[in-house]
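Read through the structure below, which is laid out as structure tokens, and then see the notes.
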Amino acid sequence: MLGVEVLRQVEILQDIELLKIKGKLNADDFAKIKQMTSLVGLDLSEAIFEVLPTSAFSSLPYLYDVKLPEGLLSIGESAFLDCGLLKSVTL
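Take the sequence shown: its letter number 32 is residue 32 in this note's numbering, and every next letter is one higher.
As structure tokens, this is what we get:
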């Protein structure tokens with residue numbers, strides 16, 4: 001559903017630079033986030049998920065700031081691999 005909702009606001013996922021998500025996230029939602037290759041800031045502080053998948057944000061070259069939810073239990077291997085500009089991850 002994330003891809004559908006976002007595409008109501010922009011024409012292509014690669015144009016998104018800032019994103020805040022509220023509510024439940026699933027594997028398809030994380031796949032859509034990986035397509036947002038211009039993403040700079042991602043606020044998941046109000047999202048609902050317990051596991052950040054393996055390679056969840058890998059190869060998002062401009063990702064600078066990420067806020068994760070309180071209920072997060074684990075972060076998958078290589079979740080932030082090749083995020084060369086990453087400066088802040090807030091738990």
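Quick reminder that beta carbons are idealized off the backbone N, C-alpha and C, glycines included. Since the model is a prediction, treat every value here as computed from it, not as a measurement.
Under the criterion of beta carbons closer than 8 Å, residue 60 and residue 37 qualify as touching, at roughly 6 Å. In the three-state reduction of the DSSP assignment, residue 52 falls in the strand class. For residue 21, the enclosing beta strand (DSSP E) covers residues 18-24. For residue 67, there is no enclosing alpha helix (DSSP H); the residue is found in the beta strand (DSSP E) stretching over 65-67. In the structure shown, residue 47 adopts extended strand secondary structure according to DSSP, grouped into three states. Here residue 12 carries a coil assignment [DSSP, helix/strand/coil]. Residue 70 holds the alpha-carbon nearest to the alpha-carbon of residue 43 among 70, 15, 77.
By the Cβ neighbour-count rule, residue 51 is exposed, with fewer than 16 other Cβ atoms within 10 Å of its own. DSSP places residue 90 in the uninterrupted beta strand (DSSP E) bounded by 88-90.
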